[in-house]
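Presented below is the structure to which this report refers.
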Amino acid sequence: MQSRKEYSPEFKLTVVKEYLNGDKSQAQICEKYSISPSIFFRWLKNYKESGYDDSVFNVSRGRPGSIISDYSKIPPFIFESAGVRRDDSTNPNDTIALKRKLEYYEKILLEKEVQLRIALDQIELLKKTNSKKENQQK
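What follows is the structure, encoded as structure tokens:
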């Protein structure tokens, strides 16, 4: 069984943009890059549906990563409400493995705290929207 060929996001974008520049036909592009027309049209469709967003092909597959991309930008009140200390002081008696484990669980806890805050904000917004609708109906 032949394995599926994976193309880089940069390659996909290059191929699609070359076609959109109008210099070559779809058949010429597919032949030049040795890709099937169905794959090419899927890339073209995705690119057009994204509003010609160059980052449309930069999607990662598998388990999603953390919603927090930079922990240094988390406001202090999130740390406080999650019960996590933000300081970088380390205890020389800790083993490296325990430090890594602690950092891992702190990140998970902070991520859950952020998700909780977002959910609570959404609930409040829905309550306000519903109360406005009820007031308008009266």
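The opening residue of the sequence shown carries number 8 in the numbering used here; numbering runs sequentially from there. Where a beta carbon is used, it is the ideal one built from N, C-alpha and C, also for glycine. On a predicted model such as this, the values are computed, not experimentally measured, just so you know.
- Message: Tell me whether the region 83 to 93 and the region 40 to 56 touch, counting them as touching only if at least three CB pairs, one residue from each stretch, are closer than 8 Å.
- Response: no
- Query: Count the other CB atoms within 10 Å of the CB of Phe-48; is the residue buried (16 or more) or exposed (fewer)?
  - Reply: Start at 1 with the first residue of the sequence shown, and residue 48 comes out as number 41. Exposed.
- Cβ separation of Ser-88 and Glu-113, assumed to be a contact under 8 Å, to the nearest whole Å: The sequence position of residue 88 within the sequence shown is 81, counting from 1. The sequence position of residue 113 within the sequence shown is 106, counting from 1. That pair is no contact at about 13 Å.
- Message: Could you give the first and the last residue of the continuous alpha helix (DSSP H) run that contains Thr-102?
- Response: Position 95 of the sequence shown holds residue 102. No alpha helix (DSSP H) contains Thr-102, which DSSP labels as neither H nor E.
- Query: Rounded to the nearest angstrom, how far is the Cβ of Ser-57 from that of Val-66, given a contact under 8 Å?
  - Reply: Position 50 of the sequence shown, counted from the start, is the residue given in the question as residue 57. Position 59 of the sequence shown, counted from the start, is the residue given in the question as residue 66. The C-beta distance from Ser-57 to Val-66 rounds to 11 Å, too long to meet the 8 Å contact threshold.
- Task: Just the C-alpha distance for Thr-102 and Arg-124, rounded to the nearest angstrom, thanks.
- Result: As a first step, residue 102 is located in the sequence shown; it is residue number 95 there, counting from the start. As a first step, residue 124 is located in the sequence shown; it is residue number 117 there, counting from the start. Approximately 33 Å, taken between the alpha carbons.
- Straight-line gap, Ile-6 to Leu-109 (C-alpha atoms, nearest Å): One cannot answer for residue 6 here, as it falls past the ends of the chain, which runs 8 to 145.
- Item | Any alpha helix (DSSP H) of 4 or more consecutive residues that is wholly inside the region 10 to 89 | 16 to 27, 33 to 40, 44 to 56 and 83 to 89
- Find the nearest neighbour of Val-22 within the set Gly-29, Ser-32, Ser-10 and Ile-36, judged by alpha-carbon distance. The residue given as residue 22 occupies position 15 in the sequence shown. If we check each option's Cα against that of Val-22, Ile-36 comes out closest.
- Cβ of Ser-32 within 7 Å of any chain B Cβ: As a matter of chain content, chain B is missing from the structure shown, which is built from one protein chain.
- Query: What is the DSSP secondary structure of Val-121, reduced to helix, strand or coil?
  - Reply: Translated into the one-based positions of the sequence shown, residue 121 becomes position 114. In the structure shown, Val-121 sits in a helix (DSSP, three-state: H, G or I).
- In the structure shown, what three-state DSSP assignment does Thr-97 receive? The residue given as residue 97 occupies position 90 in the sequence shown. Because the pLDDT at Thr-97 is just 49, under 50, the model does not fix this residue reliably, and the value given afterwards should be weighed accordingly. Of the three classes helix, strand and coil, the one that applies to Thr-97 here is coil, per DSSP.
- Please classify Tyr-111: is it buried, with 16 or more other beta-carbons within 10 angstroms of its beta-carbon, or exposed? Sequence index remark: in the sequence shown, residue 111 carries index 104 (1-based). Under this definition Tyr-111 is an exposed residue.
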